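Heads up, the sequence shown is in numbering that gives the first Met the number 0, so the first residue is 0 and it goes up one at a time. Using N, Cα and C, we set each Cβ at its ideal position, and we do this for glycine too. On a predicted model such as this, the values are computed, not experimentally measured, just so you know.
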Amino acid sequence: MAAARLPPHVLETLFSYLDISDLRNCSLVCKNWYKFLNDENNDVWRLHCVRKLAEEALKSDLLSNVPTYKAKLRAFYHSWNPNDCSRNIYVKPNGFTIHRNPVAQSTDAARGKIGFRTGRHCWEVWWEGPLGTVAVIGLATKNSSMQVQGYVSLVGNDDQSWGWNLVDNHLIHNGDSQGNYPLLNNAPKYQVGERIRVILDCEDNTLAFEKNYEFLGVAFRGLPDTHLYPSVSAVYGNTEVSMVYLGPPLDG
């Protein structure tokens, strides 16, 4: 097939004009095209990355743990959804950080753009400002509320969400404490800026966390067979929370 013999510079020009969804189909055409697009740092992925991502995000250390252009692009498509968060929250221009406005007596949440129902997934979340009295990371379905009056563990406040409150190290689901986490003696409290890895296994229906490359154990079991979205909830005015999708956990 003539298409399979096109030189790399021609493929680069051709693929740079296509949408991301079309590139997946192109990778199925022949081995040559698959090999070309499998290079996650080639100029096709670089060009798409530059077009989609803010320069601020590309130049900062925000994406330091997603080294290739294709991985950075994937992280962008999995980042916070500006249309699926509390009215008191907005996504900053970098595309990966939410900012909670200083509104009294309100707990505010945000969800990622893509929910997961199959496979194994890992993403990083970290606070870039004070935690306040409640700061929760975890999962939520589309049916979970994104805003509520008062200061509560909003992620984990109903049967549609599961959360870890970083302030008191409690797990929360359906409005009830599910015990301390992690199960360590004198477990250290979260420090602002620390990146926590969230590990969702849709095959085993479990949610776990990692901090400083230490696996903290399974936090929740028996998760439902439905789309689950990366979520956080915050109460502190002007605090900011970033999220970067990493892909499948490195252990598998």
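Can you name, in chain order, every residue of its own chain whose Cβ lies under 8 Å from the Cβ of residue i, other than the five neighbours on each side?
i: residue 188; result: 165, 166, 168
i: residue 140; result: 114, 159, 160, 223, 225, 226, 227, 228
i: residue 192; result: 125, 126, 127
i: residue 112; result: 76, 77, 78, 79, 80, 83
i: residue 20; result: none
Per DSSP, what kind of secondary structure is residue i in: helix, strand or coil?
i: residue 120; result: strand
i: residue 330; result: The shown model of the chain, from 0 to 251, leaves out residue 330, and the question about it has no answer.
i: residue 95; result: coil
i: residue 24; result: helix
i: residue 76; result: helix
i: residue 235; result: coil
i: residue 113; result: coil
i: residue 83; result: strand
i: residue 212; result: coil
i: residue 42; result: helix
i: residue 206; result: strand
i: residue 106; result: strand
i: residue 70; result: helix
i: residue 13; result: helix
i: residue 243; result: strand
i: residue 251; result: Caution is warranted here: a pLDDT of 44 is assigned to residue 251, below 50, making its placement in the model unreliable, and no coordinate value can be reported.
i: residue 65; result: coil
Skipping 5 residues on each side, what residues in its chain have a beta carbon closer than 7 Å to that of residue i?
i: residue 245; result: 64, 65, 121, 122, 123
i: residue 75; result: 51, 52, 94
i: residue 251; result: Confidence at residue 251 is low in this model, with a pLDDT of 44, below 50, so its placement is unreliable and the value that follows should be read with caution. Correct list, in chain order: 119.
i: residue 105; result: 87, 146, 148
i: residue 186; result: 168
Give a yes or no on whether the C-beta atoms belonging to residue i and residue j are separated by under 8 Å.
i: residue 204; j: residue 215; result: no
i: residue 119; j: residue 248; result: yes
i: residue 95; j: residue 197; result: no
i: residue 72; j: residue 44; result: yes
i: residue 99; j: residue 235; result: yes
i: residue 170; j: residue 177; result: yes
i: residue 252; j: residue 238; result: The chain is shown from 0 up to 251; residue 252 falls before or after that span and cannot be answered.
i: residue 109; j: residue 88; result: yes
i: residue 131; j: residue 218; result: no
i: residue 90; j: residue 101; result: no
i: residue 107; j: residue 143; result: no
i: residue 68; j: residue 31; result: no
i: residue 48; j: residue 116; result: no
i: residue 180; j: residue 163; result: yes
Any heavy atom of the ligand GDP inside 7 Å of the beta-carbon of residue i?
i: residue 217; result: Absence of the ligand GDP from the depicted structure is noted, as is the absence of any ligand whatsoever, leaving it without description.
Which residues in the same chain have their Cβ closer than 6 Å to the Cβ of residue i, if we skip the five residues on either side of it in sequence?
i: residue 46; result: 15
i: residue 83; result: 110
i: residue 97; result: 79, 88, 90, 109, 240
i: residue 172; result: 155, 161
**Study point:** Whole runs of the beta strand (DSSP E) within the region 129-198, excluding any shorter than 3 residues
**Key:** The qualifying runs are 134-139, 146-148, 160-164, 169-172, 175-179.
Check your understanding: Is the region 146-158 close to the region 123-135, with three or more CB pairs under 8 Å?
Key -> Counting Cβ pairs under 8 Å, three or more are found: they touch.
Check your understanding: Is it a yes or a no for the region 207-214 touching the region 46-60, going by three-plus beta-carbon pairs under 8 Å?
Key -> In short, these stretches do not touch, since the Cβ pair count stays below three.
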